[in-house]
Structures are given as C-alpha cells and as structure tokens.
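Here the structure is laid out as structure tokens; the discussion comes afterwards.
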Amino acid sequence: MIDKSVVTGKNVQIGQNVVIEKDVVIGDHVTINHQTVIKEGTIIGNYVQIEEFTVLGSAPFTNKKMVRKPHQKLPPLSIGSHVNIGSNCVIYKGTNISDGVLIGDLASIRENVNIGNHTIVGRNVIIEHHTNIGKNVTIQTSSYVTADMMIEDDVFIGPCFASANDKYMGAGNYEYQGPILKKGARIGSNATLLPGVIIGKGAIVGAGAVVTKNVEKKETVVGNPARKLNG
Amino acid sequence: MIDKSVVTGKNVQIGQNVVIEKDVVIGDHVTINHQTVIKEGTIIGNYVQIEEFTVLGSAPFTNKKMVRKPHQKLPPLSIGSHVNIGSNCVIYKGTNISDGVLIGDLASIRENVNIGNHTIVGRNVIIEHHTNIGKNVTIQTSSYVTADMMIEDDVFIGPCFASANDKYMGAGNYEYQGPILKKGARIGSNATLLPGVIIGKGAIVGAGAVVTKNVEKKETVVGNPARKLNG
Amino acid sequence: MIDKSVVTGKNVQIGQNVVIEKDVVIGDHVTINHQTVIKEGTIIGNYVQIEEFTVLGSAPFTNKKMVRKPHQKLPPLSIGSHVNIGSNCVIYKGTNISDGVLIGDLASIRENVNIGNHTIVGRNVIIEHHTNIGKNVTIQTSSYVTADMMIEDDVFIGPCFASANDKYMGAGNYEYQGPILKKGARIGSNATLLPGVIIGKGAIVGAGAVVTKNVEKKETVVGNPARKLNG
Numbered sequence: 537m538i539d540k541s542v543v544t545g546k547n548v549q550i551g552q553n554v555v556i557e558k559d560v561v562i563g564d565h566v567t568i569n570h571q572t573v574i575k576e577g578t579i580i581g582n583y584v585q586i587e588e589f590t591v592l593g594s595a596p597f598t599n600k601k602m603v604r605k606p607h608q609k610l611p612p613l614s615i616g617s618h619v620n621i622g623s624n625c626v627i628y629k630g631t632n633i634s635d636g637v638l639i640g641d642l643a644s645i646r647e648n649v650n651i652g653n654h655t656i657v658g659r660n661v662i663i664e665h666h667t668n669i670g671k672n673v674t675i676q677t678s679s680y681v682t683a684d685m686m687i688e689d690d691v692f693i694g695p696c697f698a699s700a701n702d703k704y705m706g707a708g709n710y711e712y713q714g715p716i717l718k719k720g721a722r723i724g725s726n727a728t729l730l731p732g733v734i735i736g737k738g739a740i741v742g743a744g745a746v747v748t749k750n751v752e753k754k755e756t757v758v759g760n761p762a763r764k765l766n767g
Numbered sequence: 537m538i539d540k541s542v543v544t545g546k547n548v549q550i551g552q553n554v555v556i557e558k559d560v561v562i563g564d565h566v567t568i569n570h571q572t573v574i575k576e577g578t579i580i581g582n583y584v585q586i587e588e589f590t591v592l593g594s595a596p597f598t599n600k601k602m603v604r605k606p607h608q609k610l611p612p613l614s615i616g617s618h619v620n621i622g623s624n625c626v627i628y629k630g631t632n633i634s635d636g637v638l639i640g641d642l643a644s645i646r647e648n649v650n651i652g653n654h655t656i657v658g659r660n661v662i663i664e665h666h667t668n669i670g671k672n673v674t675i676q677t678s679s680y681v682t683a684d685m686m687i688e689d690d691v692f693i694g695p696c697f698a699s700a701n702d703k704y705m706g707a708g709n710y711e712y713q714g715p716i717l718k719k720g721a722r723i724g725s726n727a728t729l730l731p732g733v734i735i736g737k738g739a740i741v742g743a744g745a746v747v748t749k750n751v752e753k754k755e756t757v758v759g760n761p762a763r764k765l766n767g
Numbered sequence: 537m538i539d540k541s542v543v544t545g546k547n548v549q550i551g552q553n554v555v556i557e558k559d560v561v562i563g564d565h566v567t568i569n570h571q572t573v574i575k576e577g578t579i580i581g582n583y584v585q586i587e588e589f590t591v592l593g594s595a596p597f598t599n600k601k602m603v604r605k606p607h608q609k610l611p612p613l614s615i616g617s618h619v620n621i622g623s624n625c626v627i628y629k630g631t632n633i634s635d636g637v638l639i640g641d642l643a644s645i646r647e648n649v650n651i652g653n654h655t656i657v658g659r660n661v662i663i664e665h666h667t668n669i670g671k672n673v674t675i676q677t678s679s680y681v682t683a684d685m686m687i688e689d690d691v692f693i694g695p696c697f698a699s700a701n702d703k704y705m706g707a708g709n710y711e712y713q714g715p716i717l718k719k720g721a722r723i724g725s726n727a728t729l730l731p732g733v734i735i736g737k738g739a740i741v742g743a744g745a746v747v748t749k750n751v752e753k754k755e756t757v758v759g760n761p762a763r764k765l766n767g
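Residue numbers (the working numbering), protein chains in the order written: chain A, 537 to 767; chain B, 537 to 767; chain C, 537 to 767.
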C-alpha cells in the first residue's frame, strides 16, 4: 500500500493499513500511525508524527452552487520538521506547515494556507483557504478561521472563536475579506469577528464579544456589539 | 472487502482498504477513495465522489438516559448523482441526499434528513435527525442544525450557527421544535436561534445575534437578545 | 492485525481492517466495527459498541509553544459496560468512561477525564484533560468542555456551549480553572462561561448568554454580559 516511488528517510515507522500514494517524500525519524492516508506528492520533514485516520494532501472539490471555485492546480502539501498532527485530520495540498507546528485531532486545513513556526492549531479547528497564520500563534479548540484571514505572530485565539469573510452573506457582492489580527492580539472564547475587521496590535477581545468594527491597538472590547471596556 | 452482492455501475474507482457491505448499489462514474466504509443497502447515484475515512449508512444508537429513542427500522441511505462527500464524514441511513449536494469534511448527518438539490453542507457541520433542508441552501462551516428544523430553499447560514429544539433544556416537557427558516433567510456567523423561532422570508439575522422570538419577513435583527436594526 | 496478547471475551464481533494493539482486554458481547484502532492496554467492558474510524487509547503530544506539557505516564483508557462510542472519535489513555455512557460521532476526549454513569457526550463534543463529569449529565452536540472543569450530576448542557480556563488568554499567569457546574444546572445553546465561574445548583443559563461571574443556585441569567432574568 506504499507506492514504489515513495522516498523515505531513515528510522521511519509506519503503522498498519497505511496508504502512501506516489511521489511522497518522507524525512528521517518520522512516525506514521495506523490507518492514515498520505496523498500524491506530499512532502514531510524530519521528526514528524502523524496519528490515526488522518489524510494529508487532499484536493479541494466543488459543486454548482459554490461561487468561488478552488484552484485545481496546486503544489503539494509541505510539512516541516518536528510537526505533530493528531487523529482524524484533513489537510489539503497547496498548503505549507512550518517547523514545530502542532495540529490537534479532528482539525481541517484547506489549500493555500501558510502556518508559521511553533504555532498551535487546536483540536477541531477548521481553517479555510487563503489564510496566513504567523509564528507562535495559538488557535484553541473548535475555533473557526475563515478564508482570507491574516493572523500575525504571537496572536492568541481562545476556544470556539468564529469569523466570517462575506459581508453580504451569499447575496452576491463578492468582496471577501476575513478579519485581520495584528501581532499579539488576544481573542476570548466564543468571540465573533465580522468580515474585514482589524484587531490592533496587542488588543484584547473579550469572551463572547461580537466585533463589528476595528479595534485600536492595546484596546480592550467586550459585549454585543463590542464596545471599549469602561469606555 | 467488497461484498459479493454489491452492484456497481461502469467506471467505478475504488481505493485501498475500502469496506462495502452487502446490497449496496453504486452508479456509474463513482469514485470511492481509500479507507471508506459503505454500510449495508446504501444507494449511490452517478458521478458521486467520496473521500477518505467516511462512513455512509450508519445506524443510530442510544443509551438509557436518552429520552427520544431513534427509529430502528430505517430505509437505506440514498445519495443522488453528482454528489461530493468529504473526508471523515458520518452519514446515517434513513436519509436522502439529492443531486448536486456538496458535503464538506468532518460533517455528520443523522437519520430522517432530506437535503435538496445543490445545497452545500460545510465542513464540520452537524445535522440532527428529522430535519428538512431545501434546494440551493448554504450551511457554512461548523454550524449546528438541530433536530426538527425546517430550512427552506435559498437560505444562507453563515459559519458557527447554533440552534436548539428543546425549550425546557432536558427538564421533561417534550415539545421539540427546531427553528423554521423561510425561503431566502440569511443568518450571520455564530448566531443563536432558540427553539421554534420562525425567521421570515428574506429576513436577516446579524452575526452573533441571539434570536428569542420570530423575525418578520425582510426584517433585519441584531444583538442579544436580537432586536430590529434601527428599530 | 489483532495482537496475540489481546484477551477477548465471548461473543465479540470485530469488523474489517481493525487494529488492536498489545495487552488490550475486551469483555463479552462487544462489537467493534470496521476500521477502528484500539491502542495498547485499553480495557473494554461488556456490551460495548464501537463504530468506524474511532481510535481508543491515544497518547497526548505537545510542541515547544505549549505551556502545559501532558503527562507521559498514564494508565490505560478504561471503558465500562454498556457503553456506545460513535464513528471518528478520539479518546485518550488515562481516562475513565463509566457504565452506560454514550459518546456521539466525532467526539474527542483527552487524558485524565472521568465520565459518570449514563452520561451523554454528544456528537462533535470536545472534552479537555483533567475534567470531571458526573452521572446522568447531557452534553449536547458541538459543545466544548475546557480543561479543569467540574460538572456535577444531572447537569444539562445545550449544543454549542463554550468554556474557557485561562483568564489571561495565554499571557502567562497560569491559574487555570475551568467553570464549575453544580448539580442539575442547565446551560442553553451557545452560552459562554468564563474561567472559574460557578453555576449554582439548579441554576439556568439562557441560550447565548456570556457568563462573567458566579450564578446563584436556582437563579436564571441571560444576555451579554449575563444578568439575572427580570432582575
């Protein structure tokens, strides 16, 4: 079930019922647990660990109603060194995972995403396409990172975060823009960020806040709609 | 691992480690990727694509505490033509998926659900039993569609939508009714709809709104609790 | 694919492509469906049913950025009798699931968790480590139970519940404490509970409420921030 063209480094451990398609490249000291699928052309660095029921290198698909068709020609999924990927994850081709990243169970990451060094993607986090995530970022469990988002270094996102990128909710004026989170911004649990809002450097968004406009650097906002704390 | 009783059309591609149980019927030009499970009796149309680690045709299960016991005698899962189903999905028997539907990764759909033509069910969307979803509906990523909901044609539901169907929160007065979304209603990201609320034709619910009572047609509501915008 | 050291009771049914690692103990009348993985040392009681693509007995992993390193020496996962576990679940070692528990599809439960008899863990529910959950608790679909939470008996948690345990959002003062839910408390859909809040015996938190301080016993709170109803 491992294609003959697959290149593996030294000390690679592969579990049972694993499928590895053609032209996959696997570094040294990699552990691939049982029942995983590594799709064509995926590149895996050194000291990577992949848990059960995870598929790496998926291709996007579409239907008639979907307005924004995914690119069909995508480079392979590239995974750096010292990366841990949990169970039951789905990660697409055309994406780049840097060194030291941790991806929890049941996470899914679409195509054209970049994730910087040592960032944590929690369990059940879903990341859409065309999103850029910096270094040392924490995205906690069950958060949703919409398409076209920009998340700078050292951002902290609490669990169950929600974001959106379509101001017109499918009504047809397509200026997609996800929220922009500047360096060191911190977002509380279950907060909602509307399309295109900018959260300034070091700003804080309280748990459950619904952010409808930009937040200045170092400002703290809470409530629905979110307002400056004690402001 | 493919039961002898399985009927397959022409040009069917089946990946590695696939389990197909008895009496499954598969149409023409179907692609079933690695490591999927198709359970007994499931009916799959033409030009269907199914990704890895997805199980089709599951049976509901229960425990002592669960008040509402699922039906044990259910017809097979029926999937129309030109349907795409992502990775790590769980779809139950007794459900009907119409032509052209797209179902994203990590979605789960219970028994006694109908989904109309060309509807999109996003990644990580969970749909409960006894729910009816129209045509050309979009349900975005990580949304939760409770049991006994009615979603008419052309409805748009943003990501992280939450709904409920039990007014008494398990306290024992069982008049279950999920929200009712009329034709073309649009629901923003992370909005919450209480049991039984009716969202009128073309009405808009803002992101993060908590809707406790009915919304008139074409009305826009925002906030917690949701109130008419500028009203 | 079943290790020779595995001990199985009578009337055990095992599906196709199942991996059972060494020193697993399986009781009587157990059904293990296709494509599951049972990891080393896991203990399974009688009359247990496990659905497809579920992994039992996972070990926690970490990266450089993660502040709180998981224990590496954990006892095996222990599953009582009459337990049902859905598809695509991930349950860690060092956890104890009592008799009669139901765990829905796509749920994930970390290490050092205790779950009492007959409790329901809904689909897509994510439970963090070091959490104690009582008897006859209902945790509905897509809810997030943070680390260091205490949930007493007979608590009801509606769908899409969010919680947090880090008051400082990753900023470095580590007094982690998840919310504490006293006996019979009821939490509405998509409510948010801040770190360490105590929800009193029989208290009610409305759907979409953002709870920033303790709620007295039998009190009802709603809104953002949550306030006493009619108070």
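Just so you know, even glycine gets a beta-carbon here, dropped at the ideal spot from N, CA and C.
- From the listed residues B/654, B/629, B/656, B/661, the smallest Cα separation to residue 648 of chain B is found for B/629.
- As a beta-bridge residue in DSSP terms, residue 549 of chain A pairs with A/567.
- Taking C-alpha positions only, residue 765 of chain B is separated from residue 744 of chain B by approximately 14 angstroms.
- Here residue 707 of chain A is exposed, its C-beta having fewer than 16 other C-beta atoms within 10 Å.
- DSSP, read as helix, strand or coil, puts residue 592 of chain B in strand.
- A residue is called buried when at least 16 other Cβ atoms come within 10 angstroms of its Cβ; residue 664 of chain B meets this threshold and is buried.
- Distance from the Cα of residue 714 of chain C is smallest, within the candidate group C/686, C/739, C/694, for C/686.
- For residue 712 of chain A, there is no enclosing beta strand (DSSP E), as DSSP marks it with neither H nor E.
- Within its own chain, the residues whose Cβ lies closer than 6 angstroms to the Cβ of residue 728 of chain B, once the five positions on either side in sequence are excluded, are 698, 746, listed in chain order.
- Counting the other CB atoms within 10 Å of its CB gives residue 754 of chain A a total below 16, which places it among the exposed residues.
- Residues of the same chain with a CB within less than 7 angstroms of the CB of residue 548 of chain B, apart from the 5 flanking positions on each side, are 562, 566 in chain order.
- Residue-level contact by beta carbon holds for residue 591 of chain C and chain A, with a gap shorter than 7 angstroms.
- In this structure, the beta-carbon distance from residue 750 of chain A to residue 740 of chain A does not fall below 7 angstroms.
- Not flagged as an interface residue toward chain A: residue 692 of chain C, since no C-beta distance is shorter than 7 angstroms.
- The C-alpha of residue 587 of chain A lies about 30 angstroms from the C-alpha of residue 670 of chain C.
- With its beta carbon less than 7 angstroms from one in chain C, residue 588 of chain A belongs to the interface.
- Any Cβ of chain C closer than 7 angstroms to the Cβ of residue 680 of chain B would place that residue at the interface, and such an atom is present.
- With fewer than 16 other beta carbons inside 10 angstroms of its own, residue 541 of chain C counts as exposed.
- In terms of Cβ geometry, residue 575 of chain A and residue 593 of chain A form a close pair [threshold 7 angstroms].
- Annotated three-state conformation of residue 743 of chain C is coil, per DSSP.
- For residue 704 of chain A, there is no enclosing beta strand (DSSP E), as DSSP marks it with neither H nor E.
- Looking at the DSSP output, residue 632 of chain A shares a beta bridge with A/614, A/650.
- Of all residues in the segment 726-756 of chain B, only 726, 727, 740, 742, 743, 744, 745, 746 place a beta-carbon less than 9 angstroms from a beta-carbon of chain A.
- Among the residues facing chain B, residue 552 of chain C is included, as its CB has a counterpart in that chain under 7 angstroms away.
- With the criterion set as a beta carbon lying under 8 angstroms from some beta carbon of chain A, the members of the segment 656-680 of chain C are 660, 662, 664, 678, 680, in sequence order.
- Apart from the 5 residues on each side of it in sequence, residue 559 of chain A sits with its Cβ closer than 7 angstroms to the Cβ of 541, 576, 577 in its chain, given in chain order.
- Of the candidates A/605, A/673, A/758, A/673 places its Cα closest to the Cα of residue 634 of chain A.
- At least 7 angstroms separates the CB of residue 652 of chain B from every CB of chain A.
- Considering only beta carbons, the part of the segment 698-723 of chain C lying closer than 8 angstroms to chain A consists of 698, 699, 700, 702, 705, 706, 707, in chain order.
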